[in-house]
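**Q** Dropping a structure here in structure tokens format, bear with me for questions.
Numbering (the numbering used here), first residue to last: 29 to 300.
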């Protein structure tokens, strides 16, 4: 009795398969190996992506942009600080294609002059004012299901894991990207969103982005995106564009503080 399975044994001499080459036992066919995703590589996106407008950020996103038919979570220490600066370049391309940008439940009233400066005019901008968490969640789900927006932005700070999982399932029918904005503390919670990142701002007007979750290798470090708020770049002097240099130049020099007890305490504070 042959202990090996039939597929692992040599074919009978009279079999037609004996004349064709076969892969070694235990090997994977080439077409299957190409479809296997390895965790140390970026996964091949199953749908289209929307370029973020930041080349350094696109280099860290699977597929090279914001995924469509999928959720993207943006976590922030404070809402309404980085969202428009981070997504502005991508939203401009949505508007240029004649599609609408729909926002649900922003914590602050959208500033139309600033959005207009970013390339978003009121003809392609829809603001849904939903007050309670239940209203925001319901409106977001209906918009995702109906595929009614070129890009969807929703503020859901209190969404639970099972609610995000349901939105992710529904998002597979939405042609555009769907962004959920949540507090930074949500990083410790489970989420079905395939792409999660944190965003905050630096001292020199730049955005600091860290990818928490993606289909690919673990992201190390921080992505720095040079971004001056709309309209300020033309009025800021070169010195004000780099506030960190001004602060470093105004630091108190420990060697001129003297040796009195109060000045010694100040010297220790400066050194710390």
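From the three backbone atoms N, C-alpha and C, an ideal C-beta is built for every residue, glycine too. Keep in mind that this is a model prediction, so the values were computed, not measured.
1. Count Cβ pairs between the region 83-103 and the region 188-205 that sit closer than 8 Å; are there 3 or more?
2. How is residue 214 classed by DSSP in three states: helix, strand or coil?
3. Could you give the distance in angstroms between the alpha-carbon of residue 216 and the alpha-carbon of residue 223?
4. Per the contact definition of three or more C-beta pairs closer than 8 Å, is the region 130-142 in contact with the region 169-183?
5. Could you give the DSSP three-state label for residue 148: helix, strand or coil?
6. Measure the alpha-carbon distance for residue 39 versus residue 243 and round it to whole angstroms.
7. Which residues in the same chain have their Cβ closer than 6 Å to the Cβ of residue 154, if we skip the five residues on either side of it in sequence?
8. So, does the region 229-241 touch the region 253-260, judging by three or more C-beta pairs under 8 Å?
9. Can you name, in chain order, every residue of its own chain whose Cβ lies under 8 Å from the Cβ of residue 118, other than the five neighbours on each side?
10. At which residues does the alpha helix (DSSP H) containing residue 254 begin and terminate?
11. Mark residue 123 as exposed unless 16 or more other C-beta atoms lie within 10 angstroms of its C-beta, in which case mark it buried.
**A** Once the coordinates are examined:
1. The region 83-103 is in contact with the region 188-205.
2. Residue state, collapsed to three classes: helix.
3. Cα to Cα, residue 216 sits roughly 15 Å from residue 223.
4. At 8 Å Cβ cutoff, the stretches touch.
5. Under the three-state reduction of DSSP, residue 148 is assigned to coil, being neither helix nor strand.
6. Its pLDDT being 45, under 50, residue 39 is placed unreliably by the model, and the measurement read from it follows with that caveat. Residue 39 and residue 243: Cα-Cα distance of roughly 41 Å.
7. Counting only Cβ-Cβ distances below 6 Å, and skipping sequence neighbours, we find 128 and 130.
8. The answer is yes - the region 253-260 touches the region 229-241, with three or more Cβ pairs under 8 Å.
9. Hits under 8 Å: 78, 79, 80, 81, 93, 94, 179 and 205.
10. Element bounds for residue 254: n/a, residue is neither H nor E.
11. Flag for residue 123 reads buried.
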